[in-house]
Amino acid sequence: MELTDVIGMLVIGFGAGMMGGLVGVGGGILFVPGLVIFLGLSQLEALSTSLLAIVFVASVGAWRQGRYGNLRVRDGLVIGLLSPLGVLAGTVLANAVSERALELSFAAVQVFFAWSLARRALRSGAQRHDATSAAPNG
Amino acid sequence: MIATAAGAFSGLFGVGGGTVIVPLLILWFGYGEREATGTSLLAIIVIAALAAAAQGSYGNVHVREGVLIGLPAIAGVLAGTALQQRIPERAVAGLFAILLVASAAVLVF
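So the sequence lines, in the order shown, correspond to chains A and B.
When we follow the working numbering, the leftmost residue of the first sequence carries the number 15, and every step to the right adds one.
When we follow the working numbering, the leftmost residue of the second sequence carries the number 13, and every step to the right adds one.
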């Protein structure tokens, strides 16, 4: 392994963990390309191997968030344990619909979530600041 | 509902499901942002562990590589959770919105 690969892997790994801590995702979106580019795994091997790294991130992250009082244990376990049902549903769906259609619809769902979250965040910000700031912003 | 959606997306796209779990907990179940991210991580442990075991049985999981990239990730998640407690919740929501748009772009292009 070249030095650049080691550095790349450290940066990607740290970044993925940071993301997990900040926004509560596993970090697969960074782990997978990191494993392909710096460790030479195939896409399938990288997807599978990233799951192991995600278990590390999620375990340490959930433990820390529990200590900070940000964890609802029962809800988290219920969601996790019921998710295999979704995997089955997803597999059926994947065989019924074209992959491109699935990608595009999932992307649309994500943009909708992003818009809803951003609107919520802006609204709570406005409530907090509307007494002090009247400056218009485009 | 959340579980099914998260499971479906992780089955379809190989993601842990966090991009589905966190927004649904916030938007539908009225969770605070920090609580949603913490609870999502617990669900992800279960989802990823089950999926890793399944993929491992096909010999697709490279343990050494997973540990190599997982170790710096542990440092990252310690830093990330500590930092998250010090920023406003709406900043967490904003960061999440950016991640969602980036993730959607990866899917489209």
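Cβ atoms here follow ideal geometry from the backbone N, Cα and C, with glycine treated the same way.
{"Query": "Output the boundary residues of the alpha helix (DSSP H) element that contains V101 (chain A).", "Result": "87 to 110"}
{"Query": "Mark S112 (chain A) as exposed unless 16 or more other C-beta atoms lie within 10 angstroms of its C-beta, in which case mark it buried.", "Result": "exposed"}
{"Query": "Would the region 41 to 60 of chain B and the region 33 to 51 of chain A be scored as touching if the rule is three or more Cβ pairs under 8 Å?", "Result": "yes"}
{"Query": "Out of curiosity, what's the CA-to-CA distance linking F28 (chain A) and E77 (chain B)?", "Result": "15 Å"}
{"Query": "At a Cβ threshold of 8 Å, is I21 (chain A) touching chain B?", "Result": "no"}
{"Query": "Within the region 35 to 90 of chain A, note down every full alpha helix (DSSP H) run reaching 4 residues or more, in order along the chain.", "Result": "42 to 53, 57 to 81"}
{"Query": "Is any beta-carbon of chain B found at less than 8 Å from that of V50 (chain A)?", "Result": "no"}
{"Query": "Quick one: is S69 (chain B) near chain A, going by C-beta distance under 8 Å?", "Result": "no"}
{"Query": "Using the rule of at least 16 other Cβ atoms within 10 Å of the residue's Cβ for burial, across every protein chain shown, is A145 (chain A) buried or exposed?", "Result": "Here the model assigns A145 (chain A) a pLDDT of 46, short of 50, so the residue's position is not dependable, and the following value carries that caveat. Exposed, since its Cβ has fewer than 16 Cβ neighbours within 10 Å."}
{"Query": "Could you tell me which of A:V106, A:R88, A:L44 sits nearest to P84 (chain B), measuring between CA atoms?", "Result": "A:L44"}
{"Query": "I need the boundaries of the alpha helix (DSSP H) containing R102 (chain B), first residue and last residue.", "Result": "101 to 120"}
{"Query": "Just the Cα atoms here: how many angstroms apart are L17 (chain A) and Q96 (chain B)?", "Result": "31 Å"}
{"Query": "Could you give the residue range of the alpha helix (DSSP H) that holds E47 (chain B)?", "Result": "45 to 69"}
{"Query": "Rounded C-beta distance between R134 (chain A) and A94 (chain B)? I'm assuming under 8 Å.", "Result": "So it is not a contact: roughly 24 Å between Cβ atoms."}
{"Query": "Contact between the region 62 to 73 of chain A and the region 65 to 76 of chain B is defined here as three or more beta-carbon pairs at a separation below 8 Å; is this criterion met?", "Result": "yes"}
{"Query": "When DSSP labels each residue in this structure, what does Q96 (chain B) get in the three-state scheme?", "Result": "helix"}
{"Query": "Within 10 Å of its beta-carbon, does P100 (chain B) have 16 or more other beta-carbons around it, so buried, or fewer, so exposed?", "Result": "exposed"}
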